[in-house]
Amino acid sequence: MFKSKEKRNKHINFYFKQNMFAYLLLLPSFIFLALFTFYPTIKSIQLSFYSGPLTRLEFSGLDQYVNVMNDEIVRQVLLNNIIFTLVTVPTSILLAMYLAIWLNKKLRGSALLRTSFFYPTVIPLIAIANIWLFIYTPQYGLLDQFLSTFGADDTNLLGHPNTALAATIVMMIWKDTGFYMIFFLAGLQNLPRDVYEAALIEGAKPFQTFRHITFPLLMPTTLFVMIVAITNSFKNVDHLYIMTKGGPDNASNLLLYYIYQVAFTNWDLGKAAVLTVILIAILLTITAFNYFYSDRKIHY
Amino acid sequence: MNRFINYTTIIIFGLVFVMPLVWVFVTSISPANEVIRGGNPFWTWNPTFENYVDAWEAAPFLRYYFNTLVIVFGILGVQLITITLAAYAFARFEFPGKNVLFILFLLQLMIQPEILLFPNYQVMSELGLVDTKLAVMLPFWASAFGVFLLRQTFKQVPYELDEASKMDGSKWCQTLRHVYIPAAKPTYIAFSLVSISTHWSNFMWPLIITDSVENRPLTVGIALFAQSYETGAQWGMVSAGTVMVILPLLIAFFIFQKQFVSSFMHSGIK
């Protein structure tokens, strides 16, 4: 009796020690997560209910949310970001898929082509913005030099509200397509070969093979790339600093860059907090959607 | 025929993709007057390094390089330790609250530090760390991405190896060093390449949190440099500066191309 109790204590002691050890292993990561992910998130939510200058903050409930949602510029920036996402994500994904399917075959030159699509991935977005700013420069830029051979020149894509967003979208597709292509190349290599042989014997046309075999089988990869791409479209705004500063008239502005302007140019902390909370909510919704809904919709 | 059309399309796309890079190189070695006159944008008969010399003298690039190297390897060094420990815990231990902790870690994949520009600035000013290299690095010292990547690899290490090592009287850190870390070498390489290229490129966060030459990384340096010379006459110089920023990455990319590509692939397979 006495002995077994001692044994049990030893047992509990062992588990207690093991648990503590596991927690200790997680502690370093957890400290940094707590300080720079959880705490700032909670702080933003809290600050979003307060308004006024930092030293005299007053509780204002949902007032700031109402103000922000009625703000014309906020609406425009949100709309811009939605357009930016809805165009860049499908375009670069489809293009990446197309390139991957054709460059997956072992042909002379395909390695070189893969490189030429992938290299923009390793270049900082800010450097890419420098290059594309020059491309889009009126008269002297590469685009206008090219167009002048057809007699038309003097475009000012970044200077016009109607074209500024589109110009940054083209640049972003150029930057990201190669990155997504890599995931599709990886996905294609894991596809079962016998299905394709069967399709060939059945006499399926290339497009039929794509529609009924390749596309459905690539679905898990596509979903993964889609989440990465959507997150990127909210996260990567460096180019605006160089190319347009969000202008003209906020025509090319995106949510995160606007937060930067509101927080560090206008020093409107409450508004910046509300916008940060909105951004976090958007990103969480997208991931939650992927997790709870899309996972069930993958068909093999 | 079908093949022909598709390959032609892809080759044209490929040329369009390479053009900006070729152009920026040519511009960076073209004399200033040639750029404005608008000759052949992809060729120059009078190559010169003048632009590089001018750019090098106009901004403290050496200092910026140094800062970027300190930041990039400062982040990677600590990340490798934190992700190894956390991945080991998640892969090989059962403890109360494991699932909750796992989800908390997952959150960082969605709410990445890059998104929290504004609140993290406040945290840094509470800590009194504004305008330090430490502040640039700190938010990235935990990497949920790295933990998940490594946990997958650690899980594939056979239990028997772990047990055998413990039977030999190895301490846990020796087991890690002799069993787990060698088995996960490709994962470490993949993670390191992704981490280095990500943080070399990072811009918005260092832009906000640094405010001096001593702490500014290359990306912020080149942006400020480009802004002070926006007129066409200085294109050659700005292009030279841009090339200086991207060249180390491109060289590394061409040398380690296979590893780079497979690293990025690897990082996507969940």
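Protein chains in written order, with the numbering used here: chain A, 0 to 299; chain B, 307 to 576.
Cβ atoms here follow ideal geometry from the backbone N, Cα and C, with glycine treated the same way.
If you draw a straight line from the Cα of L112(A) to the Cα of F310(B), it comes to about 15 Å. In its chain, beyond the 5 residues on either side, T220 and V224 have a beta carbon closer than 6 Å to the beta carbon of F182(A). By the neighbour-count definition (other C-beta atoms within 10 Å, threshold 16), N352(B) is an exposed residue.
Residue state for F562(B) is assigned as coil, using DSSP reduced to three classes.
If you ignore the 5 residues before and after N249(A), its C-beta comes within less than 8 Å of the C-beta of I72, Q75, V76, N79 and Y257, all in its own chain and listed in chain order. By the Cβ rule, the region 137-146 of chain A does not count as touching the region 515-535 of chain B, because fewer than three pairs are nearer than 8 Å. When the five nearest sequence neighbours on each side are left out, the beta carbons in the same chain lying within less than 7 Å of the beta carbon of S232(A) are those of F83, T84, T87 and V88, in order along the chain. The beta-carbon distance between V273(A) and Q63(A), rounded to whole angstroms, is 5 Å. This is short enough to meet the 8 Å contact definition.
Annotated as proximal: R457(B) and F396(B), with beta-carbon spacing under 7 Å.
The closest CA to that of R55(A), considering only Y118(A), F288(A) and L268(A), is found on L268(A). For F263(A), the secondary structure class from DSSP, reduced to helix, strand or coil, is helix. Interface annotation for the region 204-216 of chain A against chain B: P205, criterion Cβ-Cβ distance under 7 Å. By the beta-carbon neighbour count (other beta carbons within 10 angstroms, threshold 16), P523(B) is buried. For A197(A), the closest alpha carbon among the candidates Y22(A), Q207(A) and F29(A) is that of Q207(A). Residues of the region 546-559 of chain B that bring their beta carbon within less than 9 Å of a beta carbon in chain A comprise G547, T548, V549, V551, I552, L555, L556, A558 and F559, in sequence order. Taking a cut-off of 8 Å on C-beta distances, the region 323-341 of chain B touches the region 106-123 of chain A, as three or more cross pairs fall below it. When Cβ pairs closer than 8 Å are counted between the two stretches, the region 395-410 of chain B is seen to touch the region 13-25 of chain A, the count reaching three or more. Between M180(A) and A110(A), the C-beta gap is not smaller than 7 Å, which leaves the two residues out of contact. Chain-order list of chain A residues neighbouring Q414(B): L32 and T36, by C-beta distance under 8 Å. V276(A) is a Cβ neighbour of S47(A), given a cutoff of 7 Å. S50(A) is bridged by DSSP to E57(A). With its beta carbon less than 7 Å from one in chain A, F323(B) belongs to the interface. Counted as a single uninterrupted DSSP element, the alpha helix (DSSP H) harbouring A126(A) occupies residues L124 to Y135. If you look at A250(A), you'll find it isn't in any alpha helix (DSSP H); DSSP assigns it neither H nor E. Among the residues of chain B, those whose CB is under 9 Å from the CB of N129(A) are V330, I528, A529, A532, V544, S545, G547, T548 and V551, following chain order. Straight-line measurement puts the Cα of N252(A) at about 6 Å from the Cα of G246(A). For the 7 Å CB-CB criterion, A126(A) and V551(B) form a contact. Contact check for T333(B) and G547(B): beta-carbon distance about 11 Å, past the 8 Å limit, so the pair fails to qualify. By the rule that beta-carbons nearer than 7 Å mark a contact, V376(B) does not touch chain A. In the three-state DSSP reduction, H484(B) falls in the helix class (H, G or I). Taking every protein chain shown into account, the CB of L184(A) has 16 or more other CB atoms within 10 angstroms, so this residue is buried.
Listed in chain order, the alpha helix (DSSP H) runs fully inside the region 65-104 of chain A are 71-102, counting runs of at least 4 residues. Measuring C-alpha to C-alpha distances from I377(B) to each of Q563(B), T504(B), F559(B) and F566(B) identifies T504(B) as the nearest. About 12 Å separates the CB atoms of A165(A) and T243(A); that is not less than 8 Å, and the two are not in contact.
I421(B) carries a coil assignment under DSSP once its states are collapsed to helix, strand and coil. Taking CB atoms only, W511(B) has no neighbour in chain A less than 7 Å away.
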